[in-house]
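As given, the protein sequences belong to chains A and B, one line each in that order. Residue 4 is where the first sequence starts when you use the numbering used here, and the numbers rise one by one after that. Residue 71 is where the second sequence starts when you use the numbering used here, and the numbers rise one by one after that. All C-beta atoms in this analysis are idealised placements derived from N, C-alpha and C, irrespective of residue type, glycine included. Please read all numbers here as calculations on a predicted model, not as lab measurements.
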Amino acid sequence: MTSLADNQFKGANKIRKTAFINGSILITESCVRAGADIFIGYPITPADLLYQYAVKRYPKMMAGPDEITTLQWMSGFAATGHIPVTATSFPGYALMIESVNMAFMMELPIVIILVQRLGPATGTATVGAMGDLSVVNGTISGGFHLPTFAISNMKDCWDLPARAIKTAVRLRTPVVLLTSKEMIMTLCSFDTSELGEINKKQISTYEGEEEYYSYRPDNDGIPPFLPLTQNRHQVRLTASTHDMKGIIQNSSQEAINNTKRLHNKIINHLDSFSFYEINEQPGADTLIVSYDVSAQAARKAVYELKLIGKPVSLLIAKTILPIPDVYMDILNKYSKVIIPEENLDGQFRHLLFGKAGRNGVSGVNGIAKMISPEAIIAEVLK
Amino acid sequence: MSTIKFLTDNELPFCKGCGHARVAKNTEKALLKLGFDPLDVILITDIGCHGIIDKSFLTHTVHGLHGRSVALAGGISMGISEPGKKTVVFIGDGGATIGMQHLIGAAHHGLNMTVVVHNNMLYGMTGGQPSEFTPCGFRTPVLPEGSKNEGYDICKLISSAGSSYTERVLGIGDYSDSLAAAFSTKGFSLVEVMEICPSYGTKSNPGLKLSTLVKGAGLEVKVFKSTNKYRSHSIIKPIETNLLSEEHLIEKVFETGLKGSVSVSLAGSAGEGIQLAAEFLAKAAMKSGLHVTKKGSYPVTVGVGFSAADVIISSEPIDFTGISLPDILIITSSDGLSYARATAAGMNKGKILIDDQLEPPVTGAEIIKVPFRKKAGEKNCSLYSIFWFLNTFHHLPVDAIKQVFLENKISAKIPIEKMMEV
């Protein structure tokens, strides 16, 4: 958790040597330093830069012939002890969905960077958007949760990919890193000396002597991993409903308990991957909740409102799915909640408040251009 | 021969008379002949009746999605660096239908695996629907009059795609030598095992012999000529060890009195250096100790049409990288004018610098006509516009943009004096 105020008043005079880079460089470097050792990609705008930097930086990089193959290859690599990453946009993500379900069921760590663009369908490839939260939320059949992080600024481009890798490996699950064209393509002056160190995430493996069951969990609800490359124990992986050994079952109690565990292991560890920024202003009755690229406008709006004597609090959600409980605690403290999003119907707003909504909750929405600070300020002052 | 077992002692989970059981037993026999350890074998199964064999095998087993087993096996085989491992895929004709691209691709890339196609020419698990492998005249419960199309000849397709070993066998008797030949081939190999489903195929085609059916369908039972030799898959290795290298760092060397921010939008044509000009402006600002953002806009066809860029330079950190209406709008071509016309219309202050050959747009901003194209030509007009802007309005030290220019290889082609003309 960082204080927004610290960042806002940092003067230019301190800066002597600064990098001129985009978020894609930081994301790529972060993933590799965190332990990702292969990138598999199928080219798609606006995720192109992540592909280009992957060619230069990942220990291994492969050009998938399509997005389904990409996810299948990633799953295969993950099953042999690698940590794979890909980057795509909605059309590619749509093709990946069944395979993401497979990786989720098999409990394989992979990271998908979803660079949002204007839809529906092929829409406009070179225009940004925040239109895919709903589809990510609905990715796993049955309503299971994919841990999902949303990048809100350049620093997040450094911090969140590493956290995505660590979460994927720790929880043995696919993780989505949600971002958008603006965030990964815009070049910025950026002081890289502020970046924290990233430690490589090691995959821990089962070291026991007794018979290994691929889906027998430890006390933390997560089964220890063994790659298909070893020959000490038999490994069984399956996308179908299965028992602890990994044998297909119809609906035996053991198998259903295993399926329930897939839900619980994410929820029970949510605190370990709940990341957000909170800037609570004394006397504020209004809270702006933001994520992804709209957080840029939200930060500026809060800053400018403070200058005119209107204190407003700001919550920037970085863990976007599942929704951390602490967000509810924060939301409940404010009579007025404003959620800017670059989509038409307020996808995060609906996730937080449902169709019924709540008095005092409103959105600032639009498509095809960034939500502006002025629009947020107008909503606050309305 | 090894006495190690690859199959459990349990009864195999298939209908009486199903050829899938024979595939399993022949696979075990072939692996035994080759001396594999069960845990050096990874069996990847597809969706379909054959896929329920997992629980009977003592190898590693992976059971994925319908049609995707070959792609999954590709990832597994490429992820293995240890020697002596064997990746085997079991797939049906339905899975091979939906996953044909994966099969062709795996053969084309020479991915290290053996695919055993259990071809019983229909979908057995869902009621006997025809697949793309159902031969002409073959009847199924949903096609009682018989298929009117020829089925795929997977062996011809795969051998021409680059398979290292391809063979079609009748799924009767002992064909373990054929499987062993495939298993011991490096790279991609495929064995198609012809079967008739006892539940749907036999009942719909009473008295039909497998050999008669296969021959009548024009499917040759033989080893197909290999069209390619084993080659390793193409994994790209890294060329950089740190993307945050010194080359991205820009040092502050100039002073500026700029307070607050200035937003500059450039609108021109693809191929006329708009993005480079914007980057030069941003770098010049950084050399002057300012914060900057730069982003481009262009159609997906990057080589034609408009090209536009937004640059914000600021004495304070920039939270919001968008520009609603710029302080300065520079238009260097008719493509740029078309793109920026709406922006210009919204501006009721600021300046629009526009090539003097263009008809100025309707705007409330101050219009300044400059002969950008005449002075610098179409290729360099964008860059020239930035020089002209800084030479005229001095938002940044002119020496800053000069230094950026001279540090770039473009300076070898264009005399800086040309850029400095006002």
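1) Can you grab the Cα-Cα spacing for the pair Ala-513/B / Leu-476/B, in whole Å?
2) Ile-422/B and Ala-412/B - do their beta-carbons sit closer together than 7 Å?
3) For my contact list, Ala-493/B and Ile-401/B are in at a C-beta cut-off of 8 Å; report their separation, rounded to the angstrom.
4) Check distances from the C-beta atoms of the region 126 to 137 of chain B to those of chain A and list, in chain order, the residues that come in under 8 Å.
5) In this structure, does DSSP put Phe-160/B in helix, strand or coil?
6) Determine the chain A residues that contact His-493/B at a beta-carbon separation under 7 Å, and present them in chain order.
7) Run through DSSP, which three-state label would Ala-2/A get?
8) Is the distance from the Cβ of Leu-181/B to the Cβ of Ser-229/B below 7 Å?
9) Per DSSP, which one or two residues make a beta bridge with Gly-131/A?
10) Along the region 223 to 234 of chain A, what residues have a CB closer than 9 Å to any CB found in chain B?
11) Looking at the C-beta of Asp-110/B, does it have a partner C-beta in chain A at a distance below 7 Å?
12) Using a C-beta to C-beta distance shorter than 8 Å, which residues of chain B count as neighbours of Met-65/A?
13) Measuring straight from C-alpha to C-alpha, what distance separates Asn-10/A and Glu-283/A?
14) Which residue from Ser-275/A, Gln-256/A, Met-133/A, Asn-104/A puts its Cα closest to that of Ile-374/A?
15) Nearest by alpha-carbon distance to Ile-168/A: which of Asn-202/A, Ile-291/A, Ser-144/A, Met-186/A is it?
16) Which whole-angstrom value is the C-beta distance of Ala-66/A and Ala-106/A, which I expect to be below 8 Å?
17) Report the rounded CA-to-CA distance for Gly-122/A versus Leu-347/A, giving the unit in angstroms.
18) Where does the unbroken beta strand (DSSP E) through Pro-87/A begin, and where does it stop?
19) Does the beta carbon of Met-105/A come closer than 7 Å to any beta carbon on chain B?
20) Can you pull the chain A residues whose beta carbon is under 7 Å from the beta carbon of Tyr-368/B, in chain order?
21) Determine, for Met-4/A, whether the minimum Cβ-Cβ distance to residues of chain B falls below 7 Å.
22) Considering Thr-189/A, what are the terminal residues of the alpha helix (DSSP H) in which it resides?
23) Can you confirm whether the region 80 to 88 of chain B touches the region 210 to 229 of chain B when touching is taken to mean that 3 or more C-beta pairs between the two stretches lie within less than 8 Å?
24) Can a CB atom of chain B be found closer than 7 Å to the CB of Gly-26/A?
25) For Ser-196/A, which three-state DSSP category applies?
26) With DSSP run on the structure shown, which of helix, strand or coil describes Arg-235/A?
27) According to DSSP, simplified to helix, strand and coil, what is Val-139/A?
28) Pick out whichever of Cys-160/A, Val-238/A, His-85/A has its Cα sitting closest to the Cα of Leu-128/B.
29) How far does the beta strand (DSSP E) with Val-186/B in it extend, from its first residue to its last?
30) Using the beta-carbon of each residue, which ones in chain A are nearer than 8 Å to Phe-390/B?
31) So, is Arg-235/A buried or exposed, given that buried needs 16 or more other C-beta atoms within 10 angstroms?
32) Under the rule that 16 or more other beta-carbon atoms within 10 Å means buried, what is Lys-464/B, buried or exposed?
33) Which parts of the region 27 to 53 of chain A are runs of the beta strand (DSSP E), unbroken and 3 residues or longer, counting only runs that do not cross its ends?
34) In whole angstroms, what separates the C-alpha of Gly-145/B from that of Gln-75/A?
35) For Phe-294/B, which residues in the same chain have their Cβ closer than 6 Å to its Cβ, ignoring the five residues on either side in sequence?
36) So which of Pro-325/A, Leu-308/A, Ser-78/A, Thr-31/A has the shortest CA-CA distance to Asp-3/A?
The structure says:
1) In the structure as shown, chain B begins at 71 and stops at 492. Residue 513/B is therefore absent and cannot be evaluated.
2) Here residue 412/B refers to the residue found at position 342 when the second sequence is read from its first residue. Here residue 422/B refers to the residue found at position 352 when the second sequence is read from its first residue. Ile-422/B is positioned such that its CB atom lies no closer than 7 Å to that of Ala-412/B.
3) What is shown of chain B runs 71 to 492, which leaves residue 493/B out entirely.
4) Leu-128, Thr-129, His-130, Thr-131, Val-132, His-133, Gly-134, Leu-135
5) One-based indexing of the second sequence puts residue 160/B at position 90. Strand, per DSSP.
6) In the structure as shown, chain B starts at 71 and stops at 492, and residue 493/B therefore has no counterpart that could be examined.
7) Look at the range of chain A in this structure, 4 to 385, and you will see that residue 2/A is not part of it.
8) For the purposes of this step, residue 181/B is taken as residue 111 along the second sequence, with counting starting at 1. For the purposes of this step, residue 229/B is taken as residue 159 along the second sequence, with counting starting at 1. No, these two residues do not count as a Cβ contact at 7 Å.
9) As a working mapping, residue 131/A is identified with position 128 in the first sequence. Answer is Arg-120/A, bridged to Gly-131/A.
10) If the cut-off is 9 Å between Cβ atoms, the region 223 to 234 of chain A has Pro-230, Leu-231, Thr-232, Gln-233, Asn-234 near chain B.
11) Walking along the second sequence from the start, residue 110/B turns up at place 40. It does: the Cβ of Asp-110/B has a partner Cβ on chain A nearer than 7 Å.
12) Here residue 65/A corresponds to residue number 62 of the first sequence, with the count starting at 1. Taking a Cβ-Cβ cut-off of 8 Å, the neighbours of Met-65/A in chain B comprise Met-148, His-303, Ser-304, Ile-305, Ile-306, given in sequence order.
13) Taking the first sequence and counting its residues from 1, one reaches residue 10/A at position 7. Taking the first sequence and counting its residues from 1, one reaches residue 283/A at position 280. Bear in mind that a pLDDT of 37 at Asn-10/A, under 50, signals an unreliable position, so the number given afterwards is only what the model happens to contain. Going by the C-alpha atoms only, they are around 15 Å apart.
14) Numbered from 1 along the first sequence, position 371 holds the residue referred to as residue 374/A. Of the candidates Ser-275/A, Gln-256/A, Met-133/A, Asn-104/A, the one whose C-alpha sits nearest the C-alpha of Ile-374/A is Met-133/A.
15) On the first sequence, residue 168/A is found 165 positions in, with the first residue counted as 1. If we check each option's Cα against that of Ile-168/A, Asn-202/A comes out closest.
16) Residue 66/A sits at position 63 when you count from the first residue of the first sequence. Residue 106/A sits at position 103 when you count from the first residue of the first sequence. In fact, because the Cβ distance is near 20 Å, the residues do not count as touching under 8 Å.
17) The sequence position of residue 122/A within the first sequence is 119, counting from 1. The sequence position of residue 347/A within the first sequence is 344, counting from 1. Gly-122/A and Leu-347/A: Cα-Cα distance of roughly 11 Å.
18) Your numbering for residue 87/A matches position 84 in the first sequence. That run of the beta strand (DSSP E) goes 87 to 91.
19) Residue numbering aside, residue 105/A sits at position 102 when the first sequence is read from its first letter. Yes - at least one Cβ of chain B is within 7 Å of the one on Met-105/A.
20) On the second sequence, residue 368/B is found 298 positions in, with the first residue counted as 1. Within 7 Å Cβ-Cβ: Thr-129.
21) By one-based count along the first sequence, residue 4/A stands at place 1. Caution applies to Met-4/A, whose pLDDT of 36 falls short of 50 and renders its modelled position unreliable; the value that the coordinates give is listed next. Not closer than 7 Å to any Cβ of chain B, the Cβ of Met-4/A fails to qualify, so no.
22) By 1-based counting over the first sequence, the position of residue 189/A is 186. No residue range can be given for Thr-189/A, since it is assigned to no alpha helix (DSSP H) and is classified by DSSP as neither H nor E.
23) no
24) Locating residue 26/A in the first sequence gives position 23, where the first residue counts as 1. No, Gly-26/A does not count as interfacial toward chain B.
25) Here residue 196/A corresponds to residue number 193 of the first sequence, with the count starting at 1. Ser-196/A: helix per DSSP, three-state reduction.
26) Locating residue 235/A in the first sequence gives position 232, counting from the first residue. The answer is coil: DSSP assigns Arg-235/A none of H, G, I, E or B.
27) Your numbering for residue 139/A matches position 136 in the first sequence. Helix, per DSSP.
28) The count along the second sequence starts at 1 and reaches residue 128/B at position 58. Per the Cα distances, Val-238/A.
29) Here the question's residue 186/B lines up with position 116 in the second sequence. Element bounds for Val-186/B: 183 to 189.
30) Position 320 of the second sequence, counting from 1, holds the residue named residue 390/B. Ordered by position in chain A, the residues that pass the 8 Å Cβ test against Phe-390/B are Gln-299, Ala-300, Arg-302, Lys-303, Met-373, Ser-375, Pro-376.
31) Reading the first sequence from its first residue, position 232 is the one you call residue 235/A. The residue is exposed, with fewer than 16 neighbouring Cβ atoms inside 10 Å.
32) Here residue 464/B refers to the residue found at position 394 when the second sequence is read from its first residue. The displayed chain sequence assigns His, not Lys, to residue 464/B. It counts as exposed.
33) 41 to 44
34) In the second sequence, the residue the question calls residue 145/B occupies position 75. In the first sequence, the residue the question calls residue 75/A occupies position 72. For Gly-145/B and Gln-75/A, the distance between alpha carbons rounds to 7 Å.
35) In the second sequence, residue 294/B corresponds to position 224, counting from 1. These residues qualify, in order along the chain: Cys-225, Ser-229, Thr-236.
36) Past the edges of chain A, shown from 4 to 385, lies residue 3/A, and the structure says nothing about it.
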